[in-house]
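Working notes, structure below.
In the numbering used here, the protein residues as written are 1 to 60.
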């Protein structure tokens, strides 16, 4: 599947989003880079946060 909603495209878009956010919030990866969901930690305005990103494909 190479359509706009394929798993590969969703992974690519999610990784792009993570990359953009990492520049602003300095996300620190806390999970395995090769697996989903991915967990990150970051500090913003002296507070600690956790973020989780996952990828899913709608069932047909």
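All residues carry an ideal CB built from backbone N, CA and C; glycine is no exception.
Taking all protein chains shown into account, residue 27 has 16 or more neighbouring C-beta atoms within 10 Å of its C-beta and is therefore buried.
Residue 49 and residue 18 have their C-alpha atoms roughly 15 Å apart. If you look at residue 42, you'll find it in the beta strand (DSSP E) that goes 38 to 44. Across the structure, residue 55 and residue 43 are spaced so that their CA atoms are roughly 24 Å apart. Relative to residue 24, the option among 58, 41, 5, 30 whose CA is nearest is 41.
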